[in-house]
Every structure is written in structure tokens, then in C-alpha cells.
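Residues in the first sequence are numbered from 0 upward in steps of one, following numbering that gives the first Met the number 0.
Here the structure comes first, spelled out in C-alpha cells, and everything after it is commentary.
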Amino acid sequence: MLKYNPSEIEKKWQRYWETKKFYDTKDSVEGKKNYMLLTEFAYPSGNLHIGHWYAFSLPDIRARYLRMKGYNVMYPTGFDAFGLPAENAAIKNNIHPEVWTKKNITYMTKQLKSMGATFDWSRMVSTMDPDYYQWTQWMFLKFYEKGLAYRALTSVNWCPKDKTVLANEQAEGGKCDRCGTEVMQKELSQWMFKITQFADDLVDGLKDLDWQETAKLGQINWIGRSEGAEISFPLTKKHKVLIIHGYTGSPDENKYPWIKNKLEELGYEVDIPRLPNTNNPDQNEQVNYVLKNYKIDENTILFGHSLGAVVALKVLEKVGKPIAKLVLGAMAMDPGATDSRLKNDPRPNWRNFSWDFDFEKIKKLTYEVVVLSDLKERKRIFFMKYLSEKLSARLIEGHSVKEHFTGPTEPMILNNLINSIKVFTTRPDTIFGATFLVVSPEMAQKWINTHGDLAPPEVKKYVQDSLKKTELQRQENREKTGVDTRAKAINPATGKEIPIWVADYVLGHYGTGAIMAVPSHDERDRAFAEKFSLPISDAPLRDKSEIMKLLKDKGVGMPHKTYRLHDWILSRQRYWGVPIPMINCKTCGYQPVPEKELPIKLPPLKDFKPADDGRSPLAKAEKWLKVKCPKCGNDAERETDTMDTFVDSSWYFMRYTDPKNKKEFASKKNMANWLPVPMYSGGAEHTTMHLLYSRFIAKALHSLGYVDFNEPFLSRMNRGIILGPDNQKMSKSRGNVIDPDVEVKKYGADAVRMYLAFMGPYEQGGPWSPGGINGVYRFLNRIWYLVSGISYNKDKNGGNSNEYRDLDIAIHKAIKNIGDDIEKLAFNTCVSELMKLLNAFEQAARDGYKIQNTKYKILLLLLAPFAPHLAEELWQTVLKNKKSIHLESWPEYNQEMLSEEKIKLVVQVNGRLRDTLDVKRGISENEAKELALKSENVKKHIEGGVKKVIYVKDRIINLVVGIDLTK
RNA sequence: GCCGCUGUGGUGGAAUUGGCAGACACGUACGACUCAAAAUCGUAUGGCCUCACGGCCAUGUCGGUUCGACCCCGACCAGCGGCACCA
Numbered sequence: 000m001l002k003y004n005p006s007e008i009e010k011k012w013q014r015y016w017e018t019k020k021f022y023d024t025k026d027s028v029e030g031k032k033n034y035m036l037l038t039e040f041a042y043p044s045g046n047l048h049i050g051h052w053y054a055f056s057l058p059d060i061r062a063r064y065l066r067m068k069g070y071n072v073m074y075p076t077g078f079d080a081f082g083l084p085a086e087n088a089a090i091k092n093n094i095h096p097e098v099w100t101k102k103n104i105t106y107m108t109k110q111l112k113s114m115g116a117t118f119d120w121s122r123m124v125s126t127m128d129p130d131y132y133q134w135t136q137w138m139f140l141k142f143y144e145k146g147l148a149y150r151a152l153t154s155v156n157w158c159p160k161d162k163t164v165l166a167n168e169q170a171e172g173g174k175c176d177r178c179g180t181e182v183m184q185k186e187l188s189q190w191m192f193k194i195t196q197f198a199d200d201l202v203d204g205l206k207d208l209d210w211q212e213t214a215k216l217g218q219i220n221w222i223g224r225s226e227g228a229e230i231s232f233p234l235t236k237k238h239k240v241l242i243i244h245g246y247t248g249s250p251d252e253n254k255y256p257w258i259k260n261k262l263e264e265l266g267y268e269v270d271i272p273r274l275p276n277t278n279n280p281d282q283n284e285q286v287n288y289v290l291k292n293y294k295i296d297e298n299t300i301l302f303g304h305s306l307g308a309v310v311a312l313k314v315l316e317k318v319g320k321p322i323a324k325l326v327l328g329a330m331a332m333d334p335g336a337t338d339s340r341l342k343n344d345p346r347p348n349w350r351n352f353s354w355d356f357d358f359e360k361i362k363k364l365t366y367e368v369v370v371l372s373d374l375k376e377r378k379r380i381f382f383m384k385y386l387s388e389k390l391s392a393r394l395i396e397g398h399s400v401k402e403h404f405t406g407p408t409e410p411m412i413l414n415n416l417i418n419s420i421k422v423f424t425t426r427p428d429t430i431f432g433a434t435f436l437v438v439s440p441e442m443a444q445k446w447i448n449t450h451g452d453l454a455p456p457e458v459k460k461y462v463q464d465s466l467k468k469t470e471l472q473r474q475e476n477r478e479k480t481g482v483d484t485r486a487k488a489i490n491p492a493t494g495k496e497i498p499i500w501v502a503d504y505v506l507g508h509y510g511t512g513a514i515m516a517v518p519s520h521d522e523r524d525r526a527f528a529e530k531f532s533l534p535i536s537d538a539p540l541r542d543k544s545e546i547m548k549l550l551k552d553k554g555v556g557m558p559h560k561t562y563r564l565h566d567w568i569l570s571r572q573r574y575w576g577v578p579i580p581m582i583n584c585k586t587c588g589y590q591p592v593p594e595k596e597l598p599i600k601l602p603p604l605k606d607f608k609p610a611d612d613g614r615s616p617l618a619k620a621e622k623w624l625k626v627k628c629p630k631c632g633n634d635a636e637r638e639t640d641t642m643d644t645f646v647d648s649s650w651y652f653m654r655y656t657d658p659k660n661k662k663e664f665a666s667k668k669n670m671a672n673w674l675p676v677p678m679y680s681g682g683a684e685h686t687t688m689h690l691l692y693s694r695f696i697a698k699a700l701h702s703l704g705y706v707d708f709n710e711p712f713l714s715r716m717n718r719g720i721i722l723g724p725d726n727q728k729m730s731k732s733r734g735n736v737i738d739p740d741v742e743v744k745k746y747g748a749d750a751v752r753m754y755l756a757f758m759g760p761y762e763q764g765g766p767w768s769p770g771g772i773n774g775v776y777r778f779l780n781r782i783w784y785l786v787s788g789i790s791y792n793k794d795k796n797g798g799n800s801n802e803y804r805d806l807d808i809a810i811h812k813a814i815k816n817i818g819d820d821i822e823k824l825a826f827n828t829c830v831s832e833l834m835k836l837l838n839a840f841e842q843a844a845r846d847g848y849k850i851q852n853t854k855y856k857i858l859l860l861l862l863a864p865f866a867p868h869l870a871e872e873l874w875q876t877v878l879k880n881k882k883s884i885h886l887e888s889w890p891e892y893n894q895e896m897l898s899e900e901k902i903k904l905v906v907q908v909n910g911r912l913r914d915t916l917d918v919k920r921g922i923s924e925n926e927a928k929e930l931a932l933k934s935e936n937v938k939k940h941i942e943g944g945v946k947k948v949i950y951v952k953d954r955i956i957n958l959v960v961g962i963d964l965t966k
């Protein structure tokens, strides 16, 4: 008898399966349902670790099982090939990232093949392949077209060591997640994806997904939706409001008298110039009229409505001095661009209005710009968005407003005219206890930018100092700091005047960047109030909806949602990534690369180290860099930043469905064959990154009509982590690393796979136990000897089915339980079942039964997904089957076999076990009672007399004695 | 601080979801084989009392609901994870 030699048989069968292309998946197969089993593809770090085995070999059990159940199963894999570690390793070893990465891919492919998994290598994708990243670039362009990708100046996480920007998700706890260096805040212009546009959908969409609760909650926490209200606290400083009416308008027109009246009630001074020639306006004439007759300074709030907004912008541009606030309501559009009504307007002066503004200049002249959209015409909304982007303005979309703001009362305008500090709160019901306001240093800085002269020096100093600090430094010091701005606001609920402070415990990037402080209800506010002796009010709570109604009626508060989630900053100042397909032209600004020029290939570069000025190494690729502007044809430069690799990896599963497509990232038809992914397993560390990004990309593509699904992953299993034998995280320094190659050499791939399956629940992981894998290895040996020890044609006497009944029952139970448990991904209990089944076989053999060939076959079929090599070897070599075991069907179980005729009935007295009876299945309560009462041990315990009998058929009979049931 | 998860033998873990707690393994002890060891096979293995039949205790702690609770409810303790000066 030959010994079980895994390394020999495993190589043999791996070659056999590969040559026969067993696992190259067809797009569809007649009569079979498609099933894509997705696991996160690997980063080509250079070596497979035990975690990879856990990630890939366990889902493979399910893949093999589903194949046997008749599915057309795709089990794809690939490589997430771009990224920082490749570049760092490359720099360290003085080898090109591409060479390094390709070498790793080759080596890891070999390692992956040693698992004996059913990977479909014909569909392998690698994100560094231009055929792949051309579509990553294409998606960027499509997103750019629709405003889902944009460039903006933001405060970003900057790693001084890696010299690159990091997403919030990559800078958790204020440390770079690659190198651990403390992250700094830096103001940079970056490309971003508008993931916040889908924030609600990303939260609400989870409801219908079959994901682990922990994964769902992780995302919900990360998105951090808070529902509350945005409330305006008017400043006590009385401003002058200058209202510029629109085309054919006048100070007497609809809402103006009402607004004027209301503002004056609040103590504002209001001017509404009666503009000359309102029915046939001339821009210069109107602008000059305003400039001549009205004083405009830092106390002025300027409001322009419709065509008046155009006048207002020109007025401000000409004044050239800061004003308090600029409000543009329902602004008329550039006639050349969109509005045919204007274009065809017969009045020549109208058309001669200039829409050419120096937006940068205007931005610097205002502390705050608000754009009010009337939300009635789509073109107009588009223009309002454009305008608010140009001016970095708050865009307020009107709800239930009169068309073009022509109602006799317009609270939305009034509310936004008042110069106020807006706060976000989840507790509007505490507003009566709000005794001061606190603004963040970021918000204060904006105000200082335009009104620097007015700010007290200690405020300037405090703001400067705190903005220098990193996020981490600001959070380290929990002791409250802050200064009084000396400005005052009115609490709109109490009407009382309250101070405004600036303090760094208020964050600039959350909510409005300012809070109403309620020391009586908020610990932080209390600590602050106590430290600086600010008033604390014990005003009682009010009913939330009552408060909201009050604030709404006053026009100072609206329900509002805020998110912790920020837009996805995807620019990376790095070489080893996908170039962002944009061109920067001095005259035309950023222009998209024409689609037909894709892919923009990463230029070969010898020196790919990041520059000290923070510019991407791509800036050194001079030939590549210099291009013509696609719009004006003048000299221009390519964008030198590359994309965050999470962009690459957020759509790779779509490519699996159509990996060779040259015309699309994947055809809708092919995607329909496989997507959305029914089952995705991977690491819990990706909950708030990869999984969230992928969901966003899918939703964005869906909204643009390129994919038919809105959620990419219907179910998700986060797998656990394999720890070292010492129950600690594996690490070289601890010396507790288990090398899968070593284990495979010692015990074989089958044993490694099966032990990983056996060690515990998949979502839990656990410590690697050398004894544990040895136990599994022993089990495989026992199978080997059991099956290869049989001799044929000796089962002639085995026809007596009664003799085989115990074994048959064990077999049928195993078929059912293993199938059920694989479906549940409860691999550990599957292995237990297989062990029990082997015990039953061995018991039968020990009892002298001759075991039929067909029974061994079932044993091997059940084993096949778990130990595919051993099962194949015994199936073909020992049992002499011509066809591979992996082309066989999963065996059927016989329901009758599962319900044994004889069962053990548990007899309890007062719920305590007193005896077990061997009885026939299905006996009646009376029969059971009679039998139970005969039991000697039961008799001893029922002396008080049986008061009540609980009978659960085929399970238990419980005799209740001496308990007063009337109580 | 908020949210969530988990507590079962010496160890990893089972338990048909309210019906025999500890399946299946690891480990340990003893035995068989062996000159011996390893490997393999067999027996035992939650604790306490008992020669035994059997009994009592036992699923983090305390209490409750129930004929009956690892499972449901309440309070607490411990560990892990996510978020965190997020208003």
C-alpha cells in the first residue's frame, strides 16, 4: 500500500485540471445558472501569506460545491497592481516598480496555483494593464462630464514622508496608514469624486443587502449621517442692505416692500434703488447709478435678484472693497450659453449685458456668498450650480418657493439676507439654553480674510495658531481653549443677545463650522462655559417639532442633514498609478483628454522618486507632459497626479465579466450574466474604504446609465484574521509567522485548506494551531487508507441493507448537513460532519461489514470540495473512474434516512433529565407517558403525583410534579 | 463618551434557534504494537459526592419569565471591534 503523499498527487492533479481548462468559465451555459463568487483580489506584495489562503481557499470550497450543484460558477482573481508599497519597495531596492510588480505577479500566480483552487485564469485582470486602466480613466472622464469629478482647493491629509495626499480613510487617527508618519493638513487643489452626493443612498441602500450587521454599521458610522436643523443666529451688528431689483422690476414690486419692512423691524437699514430704464436696461447705466448714489462698504449686504444679480456682481467688481455679504437670487443666465428667451430678446441693451466677471476678485471681496436657486428650470439650476462653484458660494436650493421668487413674501430670501451665523444642531429642542456661539478657527479665518482690519489681534493670533496645528495636535489637547470675538448674535428663540467665541473644539469641516453652545445639555459646551465663565442657562427642553415650527415661521431654521463623510480626494502625487486624464491649459483651464486618446499611458521614467515640492514624479516626464490644449490648441501640460488605487479596485469585478472587451469597460450583456455579485468575501478592513468606494462607483455608473444595478454586492462576508499560534497577530518581530508554503510542503494543500476551514467560523478566524492541522492531516490519512484499502467485488454479501443502516443514516445525514452548512459558509461544521462520517465508516469496518463501492464514492464526493486533490486521486486512481470527480454532481440525500424509526425520547421530571427511552418514532403522548412512568428512575422522582405532562413529539416528555400551577 | 459584537471544559469550537450542554477535534492520562521511541490503533477525559445505581453543581455575574433557558427579558462585569471635541 502506497503512502499518502500530498505533494506528489497535488501537483499531478493541478496540472491535469489546468490542461483540461476545467475552470475557464463560459459567459453562459445552457440550462445552468451563473454564479460569481467574488473574493478581494490580491495586492502583489511578493509573497502569499496564510491570510491569502484563508481568503481564497475557503470560498473555493463553495465554488466547487456550487459547480457540483449544477451552477456555472466563475471564481475569478487578479491583481491590484498599482500603489504606494510597490513604489516604496522599488525605491528601496532600486528596481523599477513595473519590473518589481510583474515579478511579484508571476511568483504569486505560481503560489496561488498551488492552492488547487478553481480560479479562472483566463479572466485574470491586473489594474496596471493599460487595457484595464484605460477604462479607469474613461470613468473619470464620464464623472467629470457630469460634475461627479471636480477639482477644488481643500485642506488635505498630507504625509510628509510619502509626500502624498491621503484620503481620510487612509489617515485614520492622524497617522499615515502606510508608514505611520503623522499626517499634516495642507491646502491643495485636488481632484475629487463627489461621493457625498450619494451619501443618503449609500446609507439607505444597505437596508436591502444581505451583509453582516458589523459591515453595515461600519459604513453607517463612517458616513455619519446626523439629522437635525440648520439655524441662523442673526448678528447684532446692523448692516445696510442694498437690494438690486431685476428686469422690469421696481422697489414696489411683489416681495420687496415685505422684505424691507421685515428687515427694518430687525434694525437693518434698507435701500432699494429704483434703477433707470428698467424695461430696457443698460448695464453700465444701472451699475453707475448704483455706484453714484449708494455707499458700499464692509457693512453692506448686497442682494441682486434675476438681472439685478448681474448688476450686483458688476457693482461689487467695480467697488473693489470688501462687503459683508453677497446674495444672488435666481440670477439670469448668460444669454449666449443657454437661454433662448434672452438670446432672441429684441431689446439690444439686454443682450449687451456682460456676463464676464472676475470671479476670483469677487470671491476675495466677500466674507460670504449665497446663491439662491429658484429650482424651476433645469437650465437655470445648472447655471446656479456653475455660479456657486465659481464663487465658492453656498448654494441654497429653493423648496416650495414661488417661481423666480415672485411671491409677496419670500422667507427664504429674507432668511439669507440677514447676516447671521449658521449652526448645525441635532438638538434644536435645546435652543432655549443656547447662551453663546462658537465658530471654528477655519470659519473665523474666512472672515479674517475679508475683514482682517476688524478682527481683534488676539482673535487673529488664536486662529493662526490653531490652524497651524495638525488635526491630531488639536485633538490631543482636550483642555478647552478659545477667545471672544467680541461680536454678538441674537438667539432667535429667546431674542437675547449672546457672545460669539472662536475655539478649536469646533471643527471647520463638520456641519456649518459653527455651533450654538448649550452648556446645560452638552458636556463640551459646559466645560468651555465653565472655563471662560460664560452664562449657563437651565431653560427647559421644548418639544422638537414645536421648536422647528417656530424657527421655520421666523425664517431662521430648516431641517437639515449633515454627514461625516467627505468627498473622495483621489489625486496622488505619485508615479505608480493611473494618470488622471486631464490637461491644464493656461487660457482654458483644465480640459478633459479626448476619449479617443485613451489610455494615457504611464510614461516610462527612470527617476520616479517624488519631488520635494510635492509635485508628482510625472512632472519629470517632459515629453509626455507637454501637449496641446484640446480646446484652443496652445501649449498645455498634462495633469501629473495619478489616481488613488482605490479607484482601480472599485470596479475590477465588472471587468471579470468581460475582460477582453476593447470597446467598453464591460458590455451590459456580459454584466447582466453575472452582476450584481451574489456573494463577496473579504477583509473587514475594507468596510469603510474599498466597499464604500465600490458602491459609490456602481451608483455613479448606474446614474449615468452604464450599469443596470445600483448595488454591486448583494451579500458580503467579512472573514476573520488568522493569528499566530500564540494568539497574537502574526509578525516577523514576534517570530510567530506561519508560512503557507512550509505547511503545504509538510501536510499538503488539502490539509491546509481543510484545517483553515475547520478551525472556527469563517467570520471569526483565530489562532493557528500546529496540533490542529496535524489532526486534519491524520483525518486525510485515514481516508486514504480506508478507501485505498478496499478490494473490489467483495461486496456481494453486502446486500443486506439492514446491516448497513447505521452507515447509511450517517451518509445521508452528512449529505444534507454538509450541503446546508456550505450554503451558510459554516465550513468548520462541514469538516466535523466529514469526520463523523469517516468515524461511521470505520465503525462499520470494525464491526465487520463489507462496505460497498458506492458508499466510498459518496464519501469522496462529499470530500471533493474540501480536499480536491485527495478526492480526485482516490476517485480516478483507486476507484478507477474515468471522469474527474469534479465534474460529478453533489449526491442527493434520502429524506427517509434522516428520520430514523427508533429515537431516543428524553424523559424529564420538572424539567430535569431522569431517563432516556428507546421508542418508535411518532408515538402518542399517552404511550409516551405510560412508558415514562414505568422507568424506575422516574418513579423515584414523581412521588408528589404528576400534575401536568408536557409532550414534544419525538423529543421530550416532561412530567410536572408538585408545583402549584394555580399561582 | 456613543454604537455594535462576544463571554460555553486545559485549548479550538458544536448545540436542529426554548427541549439530552460540551458534537467534531486538539491536548492529557492509561493501554496495545515496539528492544525503545515516533507514527498508528484502543479506552477514558467539565467539577464535586459515590465501590456502584445514581445524585448535586455547571454555558461571565446577579435576578426574572417558563413545565423547561447557553438561547428570551432586566441589571451588572469583562474582552474585542467601529466612531469619537462630529454639535
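We put the CB at the ideal spot given by N, CA and C, even for glycine.
- Where does ILE814 land, buried or exposed, given buried means 16+ other C-beta within 10 angstroms? Start at 1 with the first residue of the first sequence, and residue 814 comes out as number 815. With 16 or more Cβ atoms within 10 Å of its Cβ, ILE814 is classed as buried.
- Nearest to THR853 (by Cα), restricted to the options LYS421, GLY847 and TRP874: For the purposes of this step, residue 853 is taken as the residue at position 854 of the first sequence. Nearest of LYS421, GLY847 and TRP874 to THR853, Cα basis: TRP874.
- Task: Put CYS628 into one of helix, strand or coil per three-state DSSP.
- Result: On the first sequence, residue 628 is found 629 positions in, with the first residue counted as 1. Coil.
- Message: In chain order, what are the residue ranges of uninterrupted beta strand (DSSP E) at least 3 long that sit wholly in the stretch 266 to 328?
- Response: 268 to 270, 299 to 304 and 324 to 328
- DSSP puts GLN184 in a beta bridge; with which residues? Looking up residue 184 in the first sequence gives position 185. Beta-bridge pairing links GLN184 to ASN156.
- Sequence-distant residues of its chain with Cβ nearer than 7 Å to ASN792 (five each side left out): For the purposes of this step, residue 792 is identified with residue 793 of the first sequence, where counting begins at 1. Below a pLDDT of 50, predicted positions are generally treated as unreliable, and ASN792, at 35, falls in that range; the measurement from the model is reported next regardless. Cβ neighbours of ASN792 beyond the five flanking positions: none.
- Query: Under 8 Å, do LEU140 and PRO498 count as touching if we go by C-beta distance?
  - Reply: Taking the first sequence and counting its residues from 1, one reaches residue 140 at position 141. Taking the first sequence and counting its residues from 1, one reaches residue 498 at position 499. The Cβ-Cβ distance between LEU140 and PRO498 does not fall below 8 Å.
- Message: Let me confirm a value: THR915 is counted as buried when at least 16 other C-beta atoms fall within 10 Å, else exposed. Which label applies?
- Response: For this step, residue 915 is matched to residue 916 along the first sequence. Answer is exposed; the Cβ neighbour count stays below 16.
- Message: Check for me: the beta strand (DSSP E) holding ILE821 runs from which residue to which?
- Response: Counted from its first residue, the first sequence places residue 821 at position 822. First-last for ILE821: 804 to 822, but that is the alpha helix (DSSP H), not the beta strand (DSSP E).
- Message: Buried or exposed for GLN968, going by 16 or more other Cβ atoms inside 10 Å?
- Response: This structure cannot speak to residue 968, because the chain is shown only from 0 to 966.
- Reduced DSSP secondary structure (H/G/I, E/B, other) of PRO334: The sequence position of residue 334 within the first sequence is 335, counting from 1. Only weak support is given to the placement of PRO334: the predicted model assigns it a pLDDT of 47, under 50, and the value that follows is read from those uncertain coordinates. Correct three-state label for PRO334: coil.
- Within 10 angstroms of the Cβ of SER56, are there 16 or more other Cβ atoms? Answer buried if so, exposed if not. Position 57 of the first sequence holds residue 56. Its Cβ being crowded by 16 or more others within 10 Å, SER56 is buried.
- Can you tell me which of the three DSSP states SER225 falls into? The residue given as residue 225 occupies position 226 in the first sequence. DSSP places SER225 in strand when its eight states are reduced to three.
- Task: Could you check the C-alpha separation between PRO456 and LYS160 for me, to the nearest Å?
- Result: In the first sequence, residue 456 corresponds to position 457, counting from 1. In the first sequence, residue 160 corresponds to position 161, counting from 1. Those two C-alpha atoms are separated by around 35 Å.
- Task: Closer than 8 Å by C-beta to TYR149: which residues in its own chain qualify, once you throw out the five before and the five after it? Chain order, please.
- Result: Translated into positions along the first sequence, residue 149 becomes position 150. Around TYR149: TYR143, TRP190, MET191, LYS193 and GLU388.
- Item | Of the listed residues PRO864, TYR855, ILE420 and GLY765, nearest to VAL438 (C-alpha basis) | Here the question's residue 438 lines up with position 439 in the first sequence. Out of PRO864, TYR855, ILE420 and GLY765, ILE420 has the C-alpha closest to the C-alpha of VAL438.
- Query: Start and end of the alpha helix (DSSP H) containing TRP16?
  - Reply: Translated into the one-based positions of the first sequence, residue 16 becomes position 17. From DSSP, the alpha helix (DSSP H) with TRP16 extends over 5 to 18.
- Query: Can the beta-carbon of VAL918 be found less than 8 Å from the beta-carbon of ILE941?
  - Reply: Against the first sequence, residue 918 aligns to sequence position 919. Against the first sequence, residue 941 aligns to sequence position 942. Between VAL918 and ILE941, the C-beta spacing is not below 8 Å.
- Go through the stretch 507 to 565 residue by residue and report every complete run of the alpha helix (DSSP H) that reaches 4 residues or more, in order. 522 to 530 and 543 to 552
- Message: As an exercise, report each continuous beta strand (DSSP E) stretch of at least 3 residues that is fully enclosed by the stretch 626 to 691, in chain order.
- Response: 634 to 637 and 678 to 682
- Item | Rounded separation between LYS835 and ALA697 - CA only | Working through the first sequence from its first residue, we reach residue 835 at position 836. Working through the first sequence from its first residue, we reach residue 697 at position 698. Their Cα atoms are separated by approximately 45 Å.
- Alpha carbon to alpha carbon, how far is ASN957 from VAL948? Give it in angstroms, no decimals. Translated into the one-based positions of the first sequence, residue 948 becomes position 949. Translated into the one-based positions of the first sequence, residue 957 becomes position 958. If you take the alpha carbons of VAL948 and ASN957, they lie about 6 Å apart.
- Taking the alpha carbon of ASN773 as the point to measure from, which residue in VAL786, PHE757 and SER787 has its own alpha carbon closest? Walking along the first sequence from the start, residue 773 turns up at place 774. Cα-wise, what sits closest to ASN773 is PHE757.
- Message: Is it buried or exposed, THR105, if we count other Cβ atoms within 10 angstroms and call 16 or more buried?
- Response: For the purposes of this step, residue 105 is identified with residue 106 of the first sequence, where counting begins at 1. It is exposed - the Cβ of THR105 has fewer than 16 other Cβ atoms within 10 Å.
- Under the three-state reduction of DSSP, which class applies to MET383: helix, strand or coil? Locating residue 383 in the first sequence gives position 384, counting from the first residue. Three-state DSSP puts MET383 in a helix.
- Item | Local conformation of PHE81 per DSSP, three classes | Looking up residue 81 in the first sequence gives position 82. Three-state result, PHE81: coil.
- Query: Taking the DSSP output, what are the residues bridged to ALA148?
  - Reply: Along the first sequence, one-based indexing puts residue 148 at 149. According to DSSP, which records beta bridges pairwise, ALA148 is partnered with PHE192.
- Query: What's the C-alpha gap between TRP257 and ASN415?
  - Reply: Taking the first sequence and counting its residues from 1, one reaches residue 257 at position 258. Taking the first sequence and counting its residues from 1, one reaches residue 415 at position 416. One C-alpha to the other measures close to 15 Å.
- Message: Quick check: the stretch 260 to 279 against the stretch 228 to 246, are at least 3 beta-carbon pairs closer than 8 Å?
- Response: yes
- Message: I need the boundaries of the beta strand (DSSP E) containing ILE941, first residue and last residue.
- Response: The residue given as residue 941 occupies position 942 in the first sequence. Looking at the DSSP string, ILE941 is not in any beta strand (DSSP E), and its letter there is neither H nor E.
- What did DSSP end up calling GLU478 once you bin it into helix, strand or coil? For the purposes of this step, residue 478 is taken as the residue at position 479 of the first sequence. Looking at GLU478 - three-state DSSP - the assignment turns out to be coil, as it is neither helix nor strand.
- Query: Does the stretch 310 to 320 touch the stretch 289 to 298, meaning 3 or more C-beta pairs lie closer than 8 Å?
  - Reply: yes
- Helix, strand or coil: how does DSSP classify SER570 here? Taking the first sequence and counting its residues from 1, one reaches residue 570 at position 571. Looking at SER570 - three-state DSSP - the assignment turns out to be strand.
- Query: Going straight from the alpha carbon of TYR385 to that of GLY432, what length do you get?
  - Reply: Counting from 1 along the first sequence, the entry for residue 385 is found at position 386. Counting from 1 along the first sequence, the entry for residue 432 is found at position 433. Answer to the nearest angstrom: the Cα atoms are 39 Å apart.
- Item | Option in ILE60, LYS68 and TYR42 with minimal Cα separation from PRO890 | Locating residue 890 in the first sequence gives position 891, where the first residue counts as 1. Comparing Cα-Cα distances from PRO890 to each of ILE60, LYS68 and TYR42, the minimum goes to LYS68.
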